[in-house]
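Chemist: Residues 7 to 353 (my numbering) are what the sequence shown spells out, left to right.
We put the beta carbon where it would ideally sit given N, CA and C, even for glycine.
One structure follows; several queries about it will come next.
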Amino acid sequence: MLIAILLGFGVLLGMGAIVIDVGFIYQERAELQNGADAGALAVARGCATGASTCLVNKANYYANHNAKDGVSTVDKVCGFDGDGVLSSCPAPTGKITDCPAKPSSGTKYVDVHTSTQTAGGDTLLPPSFARALAGNASYEGSRVLACARAAWGPPKSATTIAFTISWCEWSQATADGSAFGPTPPATPPLSVHRVLKLHTTSGTGCPSGPSGSDGPGEFGWVDESDSDCSVLINNNTYSSDTGASAGNDCKTALASVYASRKAVYLPIYNKVTGTGTGGTYTLAGFAGFVVTGYWLPGASQKDWLTNKNECKGSEKCIAGYFVEGLMPSTGPIGGTDLGLHIVQLTG
7 MLIAILLGFG VLLGMGAIVI DVGFIYQERA ELQNGADAGA LAVARGCATG
57 ASTCLVNKAN YYANHNAKDG VSTVDKVCGF DGDGVLSSCP APTGKITDCP
107 AKPSSGTKYV DVHTSTQTAG GDTLLPPSFA RALAGNASYE GSRVLACARA
157 AWGPPKSATT IAFTISWCEW SQATADGSAF GPTPPATPPL SVHRVLKLHT
207 TSGTGCPSGP SGSDGPGEFG WVDESDSDCS VLINNNTYSS DTGASAGNDC
257 KTALASVYAS RKAVYLPIYN KVTGTGTGGT YTLAGFAGFV VTGYWLPGAS
307 QKDWLTNKNE CKGSEKCIAG YFVEGLMPST GPIGGTDLGL HIVQLTG
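Below, the structure is given as structure tokens:
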């Protein structure tokens, strides 16, 4: 009986040692995965804004700061950024700790591979108890691996402010997407400044837009999905609101973005069907716009860029300039590129 008890105790002790070491491995992998996730997102955000900010060494900072001991190894940062900064990724190994197969050609993404590094510089996670088991003296520990992928591109859906601009007007204002203002707080040149008029085609050069599809007007109000002057667009169409006056919530929203000089996100349309409140816009994409002034019934602000009142007589206008940049979105990537991108973890 005593022998059986001692044998049983030895088995339990061995199992406990293994469980403890496996627990340490899982904890290490969770830290490495968090670091890879954070590193991939950081690199992707930089690459999404241009080659000069596409910095692979950002991954090291986030990988280390997500490790309990403050250190880890970033084995490889690779992917496709469109500017030739990122090196091409090798074929996946198929292991659970590796990233998935390469995405479709042209997809912009980054993979960050991380692995164990201890404070002493070792690349193996040392065993706590398992080496003490009989016959296990040569066990030196485990090298734990993780990988994360982040992708970026124009969104297919987004929540925007509740006014919209025609594709024709966006194209003219940005020289077909080649001329944008700098992101705030930098001051833009006057060459990118634009005055958008409500429900009019006077002097726009866009009486009917591409292929005769645009409705009249440089900008128009959109039916709100909530009471904060926002609209969620996720099915490629959205409804019009023909009123000239902004609601109180939109007046508040305009005053806020005017004062902050931060970009707002606009839906850009390339087709409109129906009339009045039954009108429906077809989404072309999403654009960033910095409001520099506005002149609407019951709400107006002098243009802070030109220091002028740009609207004349009974005209209703919003002035500003288009910008590129990142926007928050939980929707899918894959829309038309009008200057705004989103970044998401995809593997």
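1) Given this structure, state the Cα-to-Cα distance separating Ile235 from Asp43, to the nearest angstrom.
2) Taking the C-alpha atoms as reference points, what is the distance between Val83 and Ala107?
3) Measure how close the beta-carbons of Val49 and Leu38 come, nearest whole angstrom, since I'm counting them as under 8 Å.
4) Can you round the beta-carbon distance between Val278 and Val270 to whole angstroms, since I take them to be within the 8 Å contact cut?
5) Distance, Cα to Cα, Asn254 vs Phe328?
6) Put Lys82 into one of helix, strand or coil per three-state DSSP.
7) Which whole-angstrom value describes the C-beta separation of Trp176 and Ile324, a residue pair presumed to lie in contact below a C-beta threshold of 8 Å?
8) Between Gly41, Lys257, Asn313, Met333, which lies nearest to Ser233 when the distance is taken from Cα to Cα?
9) How about Leu332 and Gly291: are their beta carbons less than 9 Å apart?
10) When the Cα atoms are used, what is the spatial distance from Ala119 to His199?
11) Only counting the same chain, and skipping five residues up and downstream in sequence, which positions put a Cβ closer than 8 Å to that of Thr129?
12) Please specify which runs of the beta strand (DSSP E), each continuous and at least 3 residues long, are wholly inside the stretch 319–351, giving them in chain order.
13) Given a threshold of 16 other Cβ atoms within 10 Å of its Cβ, counted over all protein chains shown, does Gly14 qualify as buried or as exposed?
14) Measure the alpha-carbon distance for Trp173 versus Lys203 and round it to whole angstroms.
15) Between the C-alpha atoms of Gln33 and Cys153, what's the straight-line distance to the nearest angstrom?
16) So, helix, strand or coil for His199, using DSSP?
17) Out of curiosity, what's the CA-to-CA distance linking Val296 and Leu272?
18) Please go through the stretch 33–64 and give each complete alpha helix (DSSP H) segment of 4 or more residues, from N-terminal end onward.
Modeler: Checking against the coordinates, here is how it stands:
1) Position 229 of the sequence shown, counting from 1, holds the residue named residue 235. Position 37 of the sequence shown, counting from 1, holds the residue named residue 43. First, the residue type needs correcting, since residue 235 is Cys and not Ile in the sequence shown. Answer to the nearest angstrom: the Cα atoms are 33 Å apart.
2) As a first step, residue 83 is located in the sequence shown; it is residue number 77 there, counting from the start. As a first step, residue 107 is located in the sequence shown; it is residue number 101 there, counting from the start. Near 15 Å, if we compare the C-alpha coordinates of Ala107 and Val83.
3) For the purposes of this step, residue 49 is taken as the residue at position 43 of the sequence shown. For the purposes of this step, residue 38 is taken as the residue at position 32 of the sequence shown. Rounded, the Cβ-Cβ distance is 16 Å, inconsistent with contact.
4) On the sequence shown, residue 278 is found 272 positions in, with the first residue counted as 1. On the sequence shown, residue 270 is found 264 positions in, with the first residue counted as 1. In fact, because the Cβ distance is near 21 Å, the residues do not count as touching under 8 Å.
5) The count along the sequence shown starts at 1 and reaches residue 254 at position 248. The count along the sequence shown starts at 1 and reaches residue 328 at position 322. Approximately 25 Å, taken between the alpha carbons.
6) Within the sequence shown, residue 82 is the residue found at index 76, counting from 1. In this structure, Lys82 counts as strand in the three-state DSSP scheme.
7) By one-based count along the sequence shown, residue 176 stands at place 170. By one-based count along the sequence shown, residue 324 stands at place 318. Contact flag wrong, Cβ pair sits at about 13 Å.
8) Taking the sequence shown and counting its residues from 1, one reaches residue 233 at position 227. Comparing Cα positions, the closest option is Lys257.
9) Stepping through the sequence shown from its first residue, residue 332 is reached at position 326. Stepping through the sequence shown from its first residue, residue 291 is reached at position 285. Their beta carbons are not under 9 Å apart, which means Leu332 does not touch Gly291 by this criterion.
10) As a working mapping, residue 119 is identified with position 113 in the sequence shown. As a working mapping, residue 199 is identified with position 193 in the sequence shown. Reading off the sequence, residue 119 comes out as His, not Ala. Taking the straight line from one Cα to the other gives about 44 Å.
11) Along the sequence shown, read from residue 1 onward, the residue named residue 129 stands at position 123. Its pLDDT being 45, under 50, Thr129 is placed unreliably by the model, and the measurement read from it follows with that caveat. Cβ neighbours of Thr129 beyond the five flanking positions: Thr79, Ser121, Thr122, Gln123, Arg149.
12) 323–329, 346–351
13) As a position in the sequence shown, residue 14 is number 8, starting the count at 1. Low confidence applies here, because Gly14 scores a pLDDT of 45, under 50, leaving its location unreliable; read the following figure in that light. Classification for Gly14: exposed.
14) The residue labelled residue 173 in the question sits at position 167 within the sequence shown. The residue labelled residue 203 in the question sits at position 197 within the sequence shown. Whole-angstrom Cα-Cα distance: 14 Å.
15) Your numbering for residue 33 matches position 27 in the sequence shown. Your numbering for residue 153 matches position 147 in the sequence shown. Rounded to the nearest angstrom, the two C-alpha atoms are 15 Å apart.
16) Stepping through the sequence shown from its first residue, residue 199 is reached at position 193. It is coil, neither helix nor strand.
17) Here residue 296 refers to the residue found at position 290 of the sequence shown. Here residue 272 refers to the residue found at position 266 of the sequence shown. Distance between the alpha carbons of Val296 and Leu272 is about 10 Å.
18) none
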